[in-house]
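What follows is a set of notes on a single structure, which appears directly below.
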Amino acid sequence: MEYNYLGFDINIGKSKPENIVHREVACPFCDVKSLKNIIEIKNDMILLENKYQVLQEAYQLLIIEGSECNADIPDYTLEHMQELMHFSINHWLNIINSKKYKTVLFFKNHGPLSGGTMRHPHMQIVGIKNLEFKNMCDKRQFEGIKIAEKNNVIMNLSTKPRVGFTEINVIMKGLNDIDTLAEFVQIGVDYIMNHFSVNCSSYNLFFYLIEGNIHVKIMPRFATSPLFIGYNIELVPNNLQEIAKHIKQLYFDKKND
1 MEYNYLGFDI NIGKSKPENI VHREVACPFC DVKSLKNIIE IKNDMILLEN
51 KYQVLQEAYQ LLIIEGSECN ADIPDYTLEH MQELMHFSIN HWLNIINSKK
101 YKTVLFFKNH GPLSGGTMRH PHMQIVGIKN LEFKNMCDKR QFEGIKIAEK
151 NNVIMNLSTK PRVGFTEINV IMKGLNDIDT LAEFVQIGVD YIMNHFSVNC
201 SSYNLFFYLI EGNIHVKIMP RFATSPLFIG YNIELVPNNL QEIAKHIKQL
251 YFDKKND
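In full-length UniProt numbering, the protein residues as written are 1 to 257.
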């Protein structure tokens, strides 16, 4: 088994603000005038260098998704969600195409169990110099029960989850149907945050470029199974067909009436 190891600067990490749990801490992303190393502003979306470069041999960027501190993906208009995906994916692909890094990550943390520290909605792009992408995912993790298909985009429910339990995949063939990708990602996040069988306060989005196609994994976050942590065993729930049917009924069947 091959592993990916990446250095983490503890001293920088200790200085990072946190306001997911400690809500009294001021939000630096709301104070736009004080932000430094801004690369691009489009409407109220901002791409900038991460002030806290905690990862060694890496280059960290932030994408502030909008000006509303307490909003998130389910709250966005479809138009804003599509603009956000175009803005973010274009910058992610530009850094990949720069060839400066062996691997370029693109992901989002939301909520107290997601691994994030800031409540204000944002995503991250990380260029890593010395780690190979081939060790970071398996194509089988994107196989699943089809929920919907539109244009060049498929949504499915993973039958071989990366961590275990329920994971929603959105897969786009090629790079030219970002509007539909955005629509499906928004639906997936709305489902796990507002209609899931158990209350969910946290999730991650992970984006992958695999053989010229964009894959997105929408992962609700809870306490992680010790079987996965200790033994790399992914638990697969026996109600996946029911979950897939529920998502279809909520978001897709009514569109076809």
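For each residue, glycine too, the CB sits at the ideal point set by N, CA and C.
Looking only at C-alpha atoms, which of the options sits nearest to residue i?
i	options	result
Phe222	Leu209, Arg140, Ser202 and Ile233	Ser202
Phe87	Gln249, Asp138, Ile64 and Asn109	Ile64
Pro161	Lys108, Ile210, His122 and Cys137	Cys137
Phe106	Ile233, Asn239 and Phe206	Phe206
Leu199	Ala244, Pro121, Ile145 and Gly111	Residue 199 is actually Asn in this sequence, not Leu. Minimum Cα distance to Asn199 is reached at Gly111.
Thr180	Ile243, Lys102 and His80	His80
residue 281	Phe29, Lys36 and Phe133	Outside the shown range of the chain (1 to 257) lies residue 281, about which nothing can therefore be said.
Glu183	His22, Tyr251, Glu242 and Leu209	Tyr251
Gly66	Pro121, Asn97 and Asn94	Pro121
Asn97	Gly212, Ala71 and Asp72	Gly212
Thr224	Asn232, Ile218 and Lys217	Asn232
I'd like to check one pair, residue j with residue i: are the Cβ atoms closer than 8 Å?
i	j	result
Pro237	Phe142	no
Asn152	Met172	yes
Ile116	Tyr59	A quick correction: the sequence has Gly, not Ile, at residue 116. Against a cut-off of 8 Å, the Cβ pair of Tyr59 and Gly116 comes out as no contact.
Asn169	Met155	yes
Tyr76	Ser15	no
Ser158	Glu167	yes
Lys102	Asn130	yes
Leu61	Ile125	yes
Ile20	Met118	yes
Ile210	Lys139	yes
CB-CB under 8 Å to residue i, same chain, minus the five flanking residues each way: which ones, in chain order?
i	result
Pro74	Gln186, Val189, Asp190, Met193 and Asn194
Glu83	Lys42, Asn43 and Met45
Gln56	Leu6, Gly7, Phe8 and Asp9
Glu234	Lys160, Pro161, Arg162, Val163, Gly164 and Phe228
Under 6 Å Cβ to Cβ from residue i, same chain only, skipping five residues before and after it: list those, please.
i	result
Ile247	Ile147 and Tyr191
Ser197	none
His215	Phe142, Ile171 and Tyr208
Cys69	Cys27, Cys30 and His120
Gly91	First, the amino acid is wrong: residue 91 is His here, not Gly. Excluding sequence neighbours, His91 sits near Leu47.
Spatial neighbours of residue i within its chain, please: CB distance less than 7 Å, with the 5 preceding and 5 following residues excluded, ordered by chain position.
i	result
residue 258	Look at the range of the chain in this structure, 1 to 257, and you will see that residue 258 is not part of it.
Asp177	Asn151, Asn152 and Val153
Asn11	none
Exposed or buried, what is residue i when buried is set at 16 or more other beta-carbons lying within 10 Å of its beta-carbon?
i	result
Ile229	exposed
Asp9	exposed
Ser114	buried
Asn109	buried
Lys217	buried
Pro17	exposed
Asp72	buried
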